[in-house]
């Protein structure tokens, strides 16, 4: 029987600190959340590729971050409201606002393109007020025999905790937490928790004090931090972010987080983070085969 968590923990043990690429590496006519951007992220040194999942009106699953249609597709209407036939005719705008021939990839297309190449994080499968959306996305993963390559995340709400605990197949799960009590709630459910995604906006947040970090590491939880800069008002890592790392001081940003105990860093700059990790961790941060 397949050990669900083996690939995840083997990669973590080998690398020490994992690079998670946010929506892939994109620019010009290489579009975020597409097969091209995700493969480029792996080529840039990412261990995990994160992408967003969106369901059409008639129940087909695509890799797309809804609510960003105006920027990426040129219209102001949620993708959920369109049928798969309509979505299949859509093409992206590039980073400069010009039309491309790039279509929106289905979830199945993306999973097949990535199979066996690295770890995958499905984001935004937690839509609505029931487990249906997440279940149907996981069913696709299971059909492709990829549950040992895929991690799902969600905010800490009973609907997803209960749904995952009752799902007929074991699933690697990372809850998104912003307070200690949420970790305790997650631990009340029968889940395969491989890590915690920790959101914090100050250095004195109890979530990142040494006692809690050490306690969770003893439970074999990987600790995931987001250094991406989506909005200057939305701070997920007390300003120890990509911008500070790249334009001010890497040790004060990425280095601070590593020293705190974080061992998964989600970034928009996987190549630069990989180079930094190679320099900081040295031989312990082995090259991925």
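In this note's numbering, the protein residues as written are 20 to 308. The beta-carbon is built from N, C-alpha and C at its ideal position, and this holds for glycine as well. Nothing here was measured: the structure is a model prediction, and the numbers come from that model.
So, helix, strand or coil for residue 23, using DSSP? Residue 23 falls in the coil class under three-state DSSP.
Kindly confirm or deny that the region 94 to 111 and the region 134 to 144 touch, where touching means at least three C-beta pairs closer than 8 Å. Taking 8 Å as the limit for Cβ pairs, the verdict is that the region 134 to 144 does not touch the region 94 to 111.
Considering only residues of the region 135 to 193, which uninterrupted alpha helix (DSSP H) runs meet the minimum length of 4 residues and lie entirely inside it, listed in chain order? 151 to 162, 177 to 185, all fully within the region 135 to 193.
Alpha carbon to alpha carbon, what distance is there between residue 190 and residue 306? With a pLDDT of only 47 at residue 306, under the threshold of 50, the placement of this residue in the model should not be trusted, and no figure is reported.
Which residue spans inside the region 199 to 287 form an unbroken beta strand (DSSP E) run of at least 3? Qualifying beta strand (DSSP E) stretches, in chain order: 214 to 217, 241 to 245, 283 to 286.
DSSP beta-bridge partners of residue 71: Answer is 142, bridged to residue 71.
Leaving out the 5 sequence neighbours to the left and right, which residues in its chain are closer than 7 Å to residue 154 when beta-carbon positions are compared? Result list for residue 154: 182, 186, in chain order.
Could you check how far apart the C-beta atoms of residue 163 and residue 130 are, in whole angstroms? I think they sit under 8 Å. Going by Cβ atoms, the distance from residue 163 to residue 130 rounds to 5 Å, so yes, they are a contact pair.
Locate the beta strand (DSSP E) running through residue 82, then write down its first and last residues. Residue 82 -> beta strand (DSSP E) spans 80 to 82.
Between the Cα of residue 133 and those of 54, 91, 175, 192, spot the shortest distance and give me the residue it belongs to. Checking every option, the nearest Cα to that of residue 133 belongs to 54.
Classify residue 188: buried if its beta carbon has 16 or more other beta carbons within 10 angstroms, exposed otherwise. Result: exposed.
Short check: CB of residue 46 to CB of residue 114, under 8 Å? Contact flag set, yes.
Using the Cα positions of residue 303 and residue 105, report the straight-line distance between them to the nearest angstrom. Residue placement at residue 303 is flagged as unreliable, the pLDDT there being 49, under the threshold of 50; the coordinate-derived value follows with that caveat. In this structure, the alpha-carbon of residue 303 lies about 49 Å from that of residue 105.
DSSP bridge partner residues for residue 120 (one or two, in chain order): DSSP lists no beta-bridge partner residue for residue 120.
If you count every other CB in all the chains shown that lies within 10 Å of the CB of residue 94, and 16 or more means buried, which is it? Result: exposed.
Between residue 269 and residue 253, what straight-line distance do the alpha-carbon atoms span, to the nearest angstrom? Cα to Cα, residue 269 sits roughly 20 Å from residue 253.
Residue 223 to residue 256 span [Cα, whole Å]: Put simply, the backbone Cα of residue 223 is about 11 Å away from that of residue 256.
Do residue 283 and residue 243 come within 8 Å of each other at the CB atom, strictly closer than that value? Between residue 243 and residue 283, the CB-CB gap stays under 8 Å.
My understanding is that residue 225 touches residue 199, with C-beta atoms under 8 Å, so please give their C-beta distance in whole angstroms. Taking 8 Å as the upper bound for CB-CB distance, residue 225 and residue 199 are in contact here, some 5 Å apart.
Please report the straight-line C-alpha distance between residue 208 and residue 179, rounded to a whole angstrom. Rounded to whole angstroms, residue 208 to residue 179 spans 11 Å at the Cα level.
Using CA atoms only, rank isn't needed, just tell me which of 271, 276, 265 is closest to residue 288. If you compare the alpha carbons of 271, 276, 265 with that of residue 288, the shortest gap goes to 265.
With residue 39 as the anchor, note down where its alpha helix (DSSP H) starts and where it stops. Per DSSP, residue 39 belongs to no alpha helix (DSSP H); it is in the beta strand (DSSP E), 37 to 41.
Contact under 8 Å by Cβ, residue 241 with residue 267: The answer is no: Cβ separation not under 8 Å.
Reduced DSSP secondary structure (H/G/I, E/B, other) of residue 44: Coil.
To the nearest angstrom, how far is it from the Cα of residue 258 to the Cα of residue 247? Each residue's alpha carbon lies about 10 Å from the other.
Report the option in 273, 67, 41 whose CA atom is closest to the CA atom of residue 27. Among 273, 67, 41, the Cα nearest to that of residue 27 belongs to 67.
Return helix, strand or coil for residue 57, following the three-state DSSP convention. Annotated three-state conformation of residue 57 is helix, per DSSP.
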